[in-house]
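In this note's numbering, the protein residues as written are 368 to 657. Where is the CB? At the ideal position from N, CA and C, for every residue including glycine. Values in this document were obtained by computation on a predicted structure and should not be read as measured data. The block underneath contains the structure these notes are about, expressed in structure tokens.
Shown next, in the form of structure tokens:
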């Protein structure tokens, strides 16, 4: 069996802020991933700036140190139905990094940053070969090439993140730097969220017949991440399929702190799971050499 996320990547602490939980406990993120340094100076932001969606005074319209209007950031993951080539039975995979508006709605296909239709080439042009390899393992399309999903996620979501605008990079901007920053930050955040391990630690493991209380599944993931999690299910709304982790940001997407949200707001309405859900084992594709 191929190694899992725990085996391949260390868990990050650097840009996920500790956040107090109920009962006096504190969220202690996993260890040993260095902070992602942008390729350029990017926006240089104060460490005590306001948290997105929490500013008490208006933010200048051209601010590169405050994510708006999409100030809620969702890191979304899939529990795929079968093991993909080179993958493992424990793999959750990336769906996207989405900037929701503060009220829980969202924009899409904006023009804050240019659209790109050659994501792989752009990343490799900037020397991000290891990132592309990581994405080919963990950021997978359900059909068609993975690069098509990456293109969709960037053009639909990243183009609505104002701090990725070319103007925020100043004179040192080169086309594609915003692409690198978006995918690097998504991959780095994903590395902190080993959903399989979080559930396993609470005795929730894939099983072909067993049902788990939805409240227990959510509680396990929220204890692990320190913030709100939205769950989505397939089948008759009783088969676990997707997990959305909700954050705010202090600073820019490129260099800011991701802070677990304590209120999922309208995003909670997207949760569609029944009160008891199945967490099915992955299938081995026929004839696949894993």
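*For residue 643, write down the residues that DSSP places opposite it in a beta bridge.*
As a first step, residue 643 is located in the chain shown; it is residue number 276 there, counting from the start. Beta-bridge pairing links residue 643 to 580.
*So what's residue 552 in DSSP terms, helix, strand or just coil?*
One-based indexing of the chain shown puts residue 552 at position 185. The answer is helix: DSSP assigns residue 552 an H, G or I state.
*Hey, is residue 417 close to the ligand ZN, as in C-beta under 6 Å from one of its heavy atoms?*
With respect to small molecules bound, the structure shown includes none, and the ligand ZN cannot be examined in it.
*Any chance the region 579-596 sits against the region 554-566, with 3 or more Cβ pairs inside 8 Å?*
yes
*asked:* If you follow the beta strand (DSSP E) that residue 596 is in, where does it begin and where does it stop?
replied: Walking along the chain shown from the start, residue 596 turns up at place 229. Where residue 596 is concerned, the enclosing beta strand (DSSP E) stretches over 596-601.
*Compute the beta-carbon to beta-carbon distance between residue 546 and residue 450, rounded to the nearest angstrom, for a pair I have assumed lies under 8 Å.*
The residue labelled residue 546 in the question sits at position 179 within the chain shown. The residue labelled residue 450 in the question sits at position 83 within the chain shown. Not a contact, Cβ separation roughly 29 Å.
_Paired residues, beta bridge with residue 557 - DSSP_ = Here residue 557 refers to the residue found at position 190 when the chain shown is read from its first residue. Paired residue(s): none; residue 557 is not in a bridge.
_Once DSSP output is grouped into helix, strand and coil, what is the label at residue 609?_
Here the question's residue 609 lines up with position 242 in the chain shown. If DSSP states are grouped into helix, strand and coil, residue 609 belongs with the strands.
_Within a Cβ cutoff of 8 Å, which residues of the same chain sit near residue 596, ignoring the five residues on either side of it in sequence?_
Looking up residue 596 in the chain shown gives position 229. Once the five neighbours on either side are set aside, the close Cβ partners of residue 596 are 585, 588, 589, 610, 611, 612, 613, 631.
*Since residue 464 is in the beta strand (DSSP E), which residue starts that stretch and which ends it?*
Residue numbering aside, residue 464 sits at position 97 when the chain shown is read from its first letter. Run containing residue 464: 460-467, per the beta strand (DSSP E) assignment.
*Alpha-carbon spacing of residue 647 relative to residue 555, whole angstroms*: As a working note, residue 647 is residue 280 in the chain shown. As a working note, residue 555 is residue 188 in the chain shown. Straight-line Cα distance between these residues: approximately 27 Å.
*Residues in its own chain within less than 6 Å of residue 474 by CB, not counting five upstream and five downstream?*
Locating residue 474 in the chain shown gives position 107, counting from the first residue. Contacts found: 527.
*If we call anything under 7 Å between Cβ atoms a contact, is residue 523 one with residue 557?*
Reading the chain shown from its first residue, position 156 is the one you call residue 523. Reading the chain shown from its first residue, position 190 is the one you call residue 557. No, they are not a contact pair.
*What's the call for residue 539, buried or exposed, on a 16-neighbour Cβ count within 10 Å?*
Sequence index remark: in the chain shown, residue 539 carries index 172 (1-based). Classification for residue 539: exposed.
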